[in-house]
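In my numbering, the protein residues as written are 3 to 504.
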C-alpha cells in the first residue's frame, strides 16, 4: 500500500536532517529514508570532524554560537574575524573562480544564521583549539578562517540533528534504499524504496535528495574521475554510491559541476577500503604543511607549505594518488613532532621511526632510500633559517633553489628522533552532481525547474571545483538543506491547496 507524506527526504546526513527539520518547521509531514542501518547512519557527516566554516565579524559572533566560553578562554584566544567578503574570496580562489556566484553568495551570507538556527535546534559548537590554533606566546591564534566545530564531531552533529528531527515529529526509516523517483506529468510525486527486501512507494508533494555523491562507487569514480581512482580509499560512508544522482538523472535532471573532481586528502596508507566509525576521521594526516613529503622515488613532489592546510588538503589527495604506488611519506623531526595533530597518535597508524636519517630511510616502505637521504640533504641546505618559524601565520619561511620550493613553515630535518607516516589518497566526496536554483530546486535538461524535486549536500554540482576550503562542506549541506526543506514544504503544501482539475 502506498504511503503519503508532504515531503520525503532521501538521505540521513547533515543536509538531509536539516532539510527534514526545515520542512517540518514549515508545517509539512516528513519522511526521512536512510539507506544505512542505524549503527552507520549519517552518511559522510558522521565521519567528519564536525568543522563548519562560516562568516563572522569577531568574538561576539563566536559567543553567539558558544556562549559558555569562559573569560579566561576569551582572554587567551585571538579568534580574529572572517567577513563574508573573505569567505567569498577564498571560495572563489580555491575553485579557480568556477564556483556558481549566486549559490556561493547564498552559502556565505546565510552561513552564520544557519549555524544559529542549528544551535536553536540543539546542536552545540566548540572552538577547534586542537586543530586550528597553535599556542604561541601564551595565546591561541585561529588561522585559515575556520574556528568552530560541532560538539562530538561528526557523530555528535548527527546525534543532535537526529534527536531534533525526532522531537519535531519526522519519521525516519533506516535500511531503506531509495531506488527511483515516481513522476506524474513531469512532476516528481514520490519515491520507490526497498526495505526488508520489499519494495515500497512513498508518495509526496515534494522530494528532497540529500544522499551524497558517488565516492563509494568504484566504477563511477573510474568513469568520471579517471584511471587510478578505483584504487583510492573511501574516507566515509560505503553507502554513497550515487543513487540520488542516478534517480534524478533518470527523471530528467541536468548533470552539473566538476564531474571529474573530488575532495581527496592524505589518508593512512593501510586504512580499510571504506571509513571505519571506530576511528572516524583520524586516518587523515593533516600536519603535512610542517612536513617534508616524499614519494617512492625518494623525491618531494609538491609544495607542502603552499597555504594553510584547509586550503590545500582537499586537492593533495589527488597529487598523492598520482605518485608511484599511490603513496607518499610525511617526514618530521623532533622539533616538529610536538606540533603534530592528534590523529598522528592513534594506534592504527602507518608509522616508522629512526634515531638517525639512514635508519629512518631503511624503514620507509617502497622508497628509494639513497635518493631520500639526498633529497633531505638538499632540502636542509635550502631552508631560509634566518626567517622566523610561526605555525599560526603564513610565515614565509621557505626554501630557495629547489625544483619545488616550500613556501612556508620550512624547517631543517636534522634533529632526532625522526618519524614518518605513510599516506595514500582518501576520497571524501565528489564535486559533480545535479544543478539547482537558488531555492534548491533541481533543474532539468531543458533548463527549467523539475517540479517537486529539490536537492542539497554533496550531490549538488556547481559549488566546488578542483579544491575546497576546509569546513565548507557541512556548512553547504546545512544552508542548502534548510533552504531545500523549506522550499519543498512550500511546494508540497501549495499542491495540496490547489483546486482539483475538473
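C-beta atoms are modelled at their ideal positions from N, C-alpha and C, and glycine is treated no differently.
- By the Cβ rule, the region 266-279 counts as touching the region 320-329, because three or more pairs are nearer than 8 Å.
- The Cβ-Cβ distance between residue 252 and residue 182 falls below 8 Å.
- Beta-bridge partners assigned by DSSP to residue 202: 195.
- For residue 348 and residue 250, the gap between their C-alpha atoms comes out near 40 Å.
- Sixteen is the threshold: when 16 or more other Cβ atoms of the shown chains lie within 10 Å of the Cβ of residue 114, as they do, the residue is buried.
- Remark: C-beta atoms of residue 495 and residue 29 approach each other more closely than 8 Å.
- A direct Cα-Cα distance of roughly 38 Å separates residue 399 from residue 158.
- Just measuring C-alpha positions, the residue of 389, 220, 239, 238 sitting nearest residue 230 is 220.
- For residue 113, the enclosing alpha helix (DSSP H) begins and ends at 113-122.
- In the three-state reduction of the DSSP assignment, residue 476 falls in the helix class.
- Under the three-pair Cβ rule at 8 Å, the region 400-408 does not count as touching the region 426-440.
- Residue 72 counts as exposed, since fewer than 16 other beta carbons sit within 10 angstroms of its beta carbon.
- Residue 332 sits buried, since 16 or more C-beta atoms from the chains shown fall within 10 Å of its C-beta.
- The alpha-carbon of residue 357 is positioned some 44 Å away from that of residue 477.
- When the beta-carbon positions are compared, residue 228 and residue 152 stay at least 8 Å from each other.
- With 16 or more other Cβ atoms from the protein chains shown falling within 10 Å of its own Cβ, residue 31 counts as buried.
- Going by DSSP, residue 28 is part of no alpha helix (DSSP H) at all; its letter is neither H nor E.
- Between the alpha carbons of residue 489 and residue 243 lies a distance of about 26 Å.
- Within the DSSP secondary-structure output, residue 356 pairs in a beta bridge with 420.
- Contact check for residue 385 against residue 352 fails: the beta carbons are separated by 8 Å or more.
- A direct Cα-Cα distance of roughly 8 Å separates residue 418 from residue 359.
- Annotation for residue 142: the continuous beta strand (DSSP E) segment containing it runs 141-144.
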